[in-house]
Amino acid sequence: MDLVEQRQVRRARLVADTPQTELGLFHTENCRVLPNRLELLHRLPNRGVAAEIGAAFGEYTAQILERNRPKELHLIDAWDTDRYKVGMERIKNRFAPEIKAKRLHLHQGYSTVRLKDFADRFFDWAYIDTNHTYQTTWEELVLCDAKVKQDGRIAGHDFCTGNVVRPMVYGVVQSVAKFCAEYGWQYEYITLESHGHFSFCLKRL
Numbered sequence: 034m035d036l037v038e039q040r041q042v043r044r045a046r047l048v049a050d051t052p053q054t055e056l057g058l059f060h061t062e063n064c065r066v067l068p069n070r071l072e073l074l075h076r077l078p079n080r081g082v083a084a085e086i087g088a089a090f091g092e093y094t095a096q097i098l099e100r101n102r103p104k105e106l107h108l109i110d111a112w113d114t115d116r117y118k119v120g121m122e123r124i125k126n127r128f129a130p131e132i133k134a135k136r137l138h139l140h141q142g143y144s145t146v147r148l149k150d151f152a153d154r155f156f157d158w159a160y161i162d163t164n165h166t167y168q169t170t171w172e173e174l175v176l177c178d179a180k181v182k183q184d185g186r187i188a189g190h191d192f193c194t195g196n197v198v199r200p201m202v203y204g205v206v207q208s209v210a211k212f213c214a215e216y217g218w219q220y221e222y223i224t225l226e227s228h229g230h231f232s233f234c235l236k237r238l
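Once you know that position 116 of the sequence shown is 149 in this note's numbering, the rest is easy, because the numbers rise by one and skip nothing.
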């Protein structure tokens with residue numbers, strides 16, 4: 034078996050091993066479609082305390098600050114791979130005034146570790162955009178259930194089954210469905226970008 038075949042088998046095994054969850058109509062009947070995740074920022078709680086979990090180079094951070102105008106924005110990211118390790122310095126340079134004003138806070142480390150540092154019911158909303166695997170996304174969602182306020186929101190990126198440019202299996206759709214069913218959340222918004230990397234937004238039932 035060559036390397037390509039090995040990767041195909043590994044991806045097929047990932048898909049087969051990911052739990053499938055049947056949702057009820059009440060999980061989806063109040064959901065609205067938005068054109069993109071920039072519009073989503075206008076519908077998340079404004080001027081609150083927010084978390085961007087997986088900030089990378091800060092491109093979406095800039096949009097959050099401009100469009101959502103949070104009182105505090107906490108960026109949680111490991112910034113530890115060759116691709117992303119320069120992101121933290123770019124963010125520090127680009128958003129130096131916001132950091133100095135204590136409007137923007139950086140928390141370096143894995144999301145599933147650093148989220149535990151925050152008090153329960155701390156965030157008005159959180160946006161998840163890390164490695165998109167089923168297990169990591171599931172752990173992030175469960176942690177956010179505790180860390181987000183009772184009337185808060187949990188949102189996230191790459192609500193799709195994978196990356197077709199660089200073949201990768203994602204587990205976001207499956208983990209979000211299981212989370213809604215087991216923790217009592219429902220879909221509020223789904224974005225519908227033409228590139229296929231959608232975002233979701235959840236609220237409690």
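Just so it is clear, CB atoms sit at the ideal spot from N, CA and C, and this is done for glycine as well. Predicted model only: the values in this text are computed from it and were never measured.
Going along the chain, which residues of its own chain have a beta-carbon closer than 6 Å to the beta-carbon of Leu-108, five neighbours each way excluded? Glu-85, Ala-88, Leu-139
Going by Cα to Cα distance, which pick from Val-202, Val-119, Tyr-117, Leu-148 is closest to His-165? Val-202
Rounded to whole angstroms, what's the CA-CA distance from Tyr-216 to Asp-157? Just pull it up for me. 18 Å
Going by C-alpha distance, which of His-228, Cys-213, Ser-227 is nearest Cys-234? Cys-213
Can you find the residues in the same chain that come closer than 6 Å, C-beta to C-beta, to Val-66, ignoring five residues on each side of it along the sequence? Ile-223, Leu-225
Relative to the C-alpha of His-190, which residue among Arg-70, Thr-61, Leu-56, Arg-136 is closest? Arg-70
Ordered along the chain, which non-local residues of its own chain (more than five positions away) have a Cβ less than 8 Å from that of Tyr-220? His-60, Thr-61, Asn-63, Cys-64, Cys-213, Phe-233, Cys-234, Leu-235
For the stretch 136–155 against the stretch 173–191, do three or more pairs of beta-carbon atoms, one drawn from each stretch, fall closer than 8 Å, so that the two count as touching? Between the stretch 136–155 and the stretch 173–191 there are three or more C-beta pairs closer than 8 Å, enough to call the two in contact.
Across which residues does DSSP place Ala-188 in a beta bridge pair? Tyr-160, Cys-234
Looking only at its own chain, which residues have a Cβ that is under 7 Å from the Cβ of His-75, when we skip the five neighbours before and after it? Correct list, in chain order: Arg-100.
For Gly-217, which of helix, strand or coil comes out of DSSP? Three-state DSSP puts Gly-217 in coil, outside helix and strand.
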